[in-house]
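Here is the structure we will look at.
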Amino acid sequence: MPPMPGTVQSIERAAAVLRLLAQSTRPLGVVEIANALSLPKGTAHGIIRTLHTVGFVDQDDRSGRYQLGSQLVRLGGHQLDRNELRSCAMNWADSLASRTGESVRIGVLDQPSEVMVVHHVFRPDDSVQVMETGRVLPSHACALGKAILAHTPGSSAWCKGSTLEAFTARTVTDGRALVGQLSTVRERGYASDVEELTNREASIAAPIRDHGGVVVGAVAITGAMQALCDTGRNPRPRLAARVIEAARAITGELATRRE
Amino acid sequence: MKREYIAAIDQGTTSTRCILFDHAGRLVSVAQREHRQIFPRPGWVEHDPVEIWRNVERVVPRAVAQARAEPEQIAALGIANQRETVVLWEPRTGRPVGNAITWQDTRTASLVDQLAADGGVDRFRERCGLPLMTYFSGPTLKWMLRQDPILLEQAERGELLFGTMETWLIWNLTGGPDGGLHLTDVTNASRTMLMDLSTLQWDEELLDAFGVPAAMLPEIRSNVEVYGTATTVLPGISIAAALGDQQAALFGQTCFSPGEAKCTYGTGAFLLLNTGPDPVQSSHGLLSTVGYQVAGGDPTYALEGSIAVTGSLVQWLRDRLGLIDSAPEIETLARTVEDNGGCYIVPAFSGLFAPHWRSEARGLIIGLTSYITKGHLARAILEATAWQTREGVDAMNADSGLDLTGLKVDGGMTSDHLLMQTIADVLDVPVERPLVSETVSLGAAYAAGLAVGFWPELKGLRHHWHRAARWLPEMSAHRRAREYDNWQRAVARTYDWIRNDDEDGPGA
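Quick note, the sequences are listed as chains W and L, same order. Note that my numbering has the first sequence beginning at 246, numbered continuously upward. Note that my numbering has the second sequence beginning at 515, numbered continuously upward.
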């Protein structure tokens, strides 16, 4: 059957490979897959290797045959467990707190409007602080929320269509302005809020990605505005770089955990 | 090139890791590799020492590369290790004789009974600080030498060496068959039942009682000194510290003053209290052990409450019951319910450790009704860790005459915030986690760094300790008392399960 106009042949073929593997009661070899779908062996091999790279297909170490990948199972089912995220992130969140001298939070988006804090490391000055895991933050008013929203499909429409509550005089309440900020977040690789949630406080966040590049959360430092920002109220590049570095390390940790 | 980092190897029960720390005691990079748990028979738990050595060879370069460092930037190497696990090997070939027998292995149960028949389980306690238990290296070593008369002959001729994991690693790091150093440290030696806790030397009477030829034993050294130079993995770098993992964690938490305590939550959980320059004999089932010793200095002793099964109970839920995909998911599962629903799990998989020391006890789940879900089981599993901590703390308070006012915690399970809250609830004291959770590795790094002058003195290390999290008790006194009573009644029901004639049968 010739491909329908506007469809991508290789994706159709990849889908056929996945269906075949799903129906099979045992792992299949490249030749079996090529024969079953009437594909040249080289084409079948290319498709399978690509699916293997993105984690949709697993290869059996001993036989070299292929079966549906664990990533694919996760795709249709539940998302990354937030306690597993905390467990993977703990060392790097600690390290970020000790390198910046600020408190660290890790958040996941529960719904577009809300970020749930799933991990919290105290500011390392031994002052009295209260655990904030489980606390919900308004995503439009905090760096954590903006870092995740910037990489969440459909967030522009949500920004424009929602009433954004003001928490300080500087909270961004205009949906269009927020969409503009999210675009800047994608360019710079980090998000910030400067007195947008709490007066005299600022926060810098960077996205955490799961295997395959999907943003599953964000890590942020929060502290006094003077500490986090220069005199022009812009986040200090040195600190932003630290946050991005921590987010990358956590991303790397998530990838190795899934091996 | 500037010496900027200390490398620490943590050779643990389930994995081997290498962590690099910088001058501020901050974690710079970490590489880890798990090894196989070998279960040849019920109750037997072995590791392949060659696999573990290979893992060291792999994780150390990975950690160095991850830090974008050159080996020349490493000032020293420190080692922390799973304690009591026994390796025997031939120095000529470097080949181990069979697998390592781990601290979780219970094959010496009947041997321990025989030894205890003459004088009771506490017959060596005054000398070595420990009761007779399957857990310690001495009985394991006796079992191994009895298995094969040839081994005993080899040992007598010095053709067979004994070591715990740090001994095996140091021997391999310093050349193996080609001049490898055969030594151990006071903390690991204090877990063999073969060392006099006061003189810190192998004790002739104890060696006699366990039938161990002195020729096979490593030299006992302090924890903080340069033992030698690595010839492989990190060639040219000083090996400057070795500590048993729990003592390393005590050191990493900077519990340098008498009265300071920590609990490390990993495969098992280990509560250690610094008791100062003299060994304290426990009358409540705790162990007396060496905390640490700096070369040329007096030793610092500790009381220890060991809980055999904590993280491994979560692994059991994951691997044997398949109710979760990853260990951290137990918190997600436990939070699907409000409480334990009346269900209690006592994980006496290898008997009960401190303060009960009942090797014939076995695990149970009690309070099952049709109401119980997997969420309740998850709660009960986390609560089991909390209540076992409570039993250890109660024993420590009774022995020391002091009431613990807060608990410093560390280890992988501190990422479970529900567990940490539950521990604060059942202990009724604040629970604090330091900024570096990897205190086992940090302790080995601190000790190695002190030995080579990377850090000038012990007390200064305290400035690196910062609170990263704190959980405050929220449970009502009434509920705490009722739950503790339920737990204790569940524990009492695990007693007297294994009979001697069960030993060769299934499930023994």
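We put the CB at the ideal spot given by N, CA and C, even for glycine.
Nearest-angstrom Cα separation, counted from residue j out to residue i
i, j, result
"L/A962", "L/F968", "8 Å"
"L/H798", "L/G592", "33 Å"
"W/T501", "L/A894", "30 Å"
"L/A912", "L/A1006", "20 Å"
"W/I293", "W/D306", "15 Å"
"L/V733", "W/L473", "For the sequence presented, residue 733 of chain L should be read as Glu rather than Val. Going by the C-alpha atoms only, they are around 53 Å apart."
"W/L427", "W/A494", "23 Å"
"W/A392", "W/P452", "6 Å"
"L/D1018", "L/P556", "Confidence is the limiting factor: at L/D1018 the pLDDT is only 47, short of 50, which leaves the residue's position unreliable and the question unanswerable from this model."
"L/L866", "L/R872", "5 Å"
"W/E257", "W/R264", "11 Å"
"L/I821", "L/V923", "14 Å"
"L/A982", "L/D536", "18 Å"
"L/G1021", "L/I566", "Here L/G1021 scores only 45 on pLDDT, less than 50, and its place in the model is too uncertain to base an answer on."
"L/L666", "W/V460", "60 Å"
"W/A492", "W/V299", "21 Å"
"L/A816", "W/L409", "57 Å"
"L/G836", "L/I844", "11 Å"
"L/N788", "W/V362", "36 Å"
"L/E604", "L/T1008", "42 Å"
Proximal residues of chain L, C-beta to C-beta of residue i below 7 Å
i, result
"W/T378", "H931"
"W/M335", "S929 and S951"
"W/R344", "R540"
"W/S332", "P842 and S929"
Best match in the options for proximity to residue i [C-alpha to C-alpha]
i, options, result
"L/E584", "L/P575, L/G592 and L/R555", "L/P575"
"W/S437", "W/L389, W/N280 and W/S343", "W/L389"
"W/H365", "L/L949, L/D1010 and L/R993", "L/L949"
"L/A754", "L/Q668, L/A590 and L/E774", "L/A590"
"L/A841", "W/R258, W/E329 and W/N280", "W/E329"
"L/D759", "L/I844, L/S529, L/T745 and L/E774", "L/S529"
"W/R421", "W/G462, W/C404, W/R445 and W/F367", "W/C404"
"W/A338", "W/F367, W/V360, W/R327 and W/P357", "W/F367"
"L/V740", "L/G672, L/L695, L/S704 and L/V726", "L/L695"
"L/P869", "L/Y519, L/L896, L/D908 and L/Q661", "L/D908"
"L/L646", "L/L801, L/A614, L/R609 and L/D662", "L/L801"
"L/K973", "L/V966, L/R984, L/W985 and L/Y960", "L/Y960"
"L/G643", "L/Q902, L/R735 and L/L714", "L/L714"
"L/A938", "L/D999, L/H980 and L/L986", "L/L986"
"L/T654", "L/T688, L/L708 and L/L687", "L/L708"
Beta-ladder partner(s) of residue i, from DSSP
i, result
"L/I1026", "This structure cannot settle anything about residue 1026 of chain L, because the visible part of chain L is limited to 515 through 1022."
"W/M361", "W/V353 and W/V381"
"W/P285", "Looking at the DSSP assignment, W/P285 forms no beta bridge with any residue, so it has no partner."
"L/N788", "L/A816"
"L/F724", "The partner list for L/F724 (beta bridge, DSSP) is empty, contrary to what the question assumes."
"L/W985", "L/V945"
"L/K973", "L/K973 is not bridged to any residue."
"L/A522", "L/I533 and L/G592"
"W/C474", "W/P480"
"L/I734", "L/T698"
Chain-ordered neighbours of residue i on chain L, where CB pairs are closer than 8 Å
i, result
"W/D339", "L541, L949, V950, S951 and A982"
"W/D371", "H980 and R981"
"W/F301", "Under the 8 Å cutoff, chain L gives no residues; its nearest Cβ is about 18 Å from W/F301."
"W/H365", "A983"
First through last residue of the alpha helix (DSSP H) which encompasses residue i
i, result
"L/Y960", "T953 to A965"
"L/A1006", "A991 to A1006"
"W/C333", "R327 to T345"
"L/Q761", "D759 to G766"
"L/I886", "First-last for L/I886: undefined, no H or E at that position."
Contact set between residue i and chain W, taken where Cβ atoms lie within less than 7 Å
i, result
"L/E843", "D326, N328 and E329"
"L/V544", "N336"
Delimiting residues of the beta strand (DSSP E) encompassing residue i
i, result
"L/G855", "Unbroken run through L/G855: none, as it is neither H nor E."
"L/T803", "L801 to Y806"
"W/G468", "V460 to A469"
"L/K776", "A775 to Y779"
"W/V439", "A436 to V439"
"W/S448", "E446 to R454"
"L/I1012", "That residue, L/I1012, is in no beta strand (DSSP E); it is neither H nor E in DSSP."
"L/V542", "L541 to E548"
Where residue i meets chain W, residues with beta-carbon distance less than 8 Å
i, result
"L/S826", "Near L/S826 there are no residues of chain W at all, since even the closest Cβ is about 16 Å away, more than 8 Å."
Contacts that residue i makes with chain W (C-beta to C-beta distance below 9 Å)
i, result
"L/T850", "The contacting residues do not exist; L/T850 stays about 12 Å from chain W at best."
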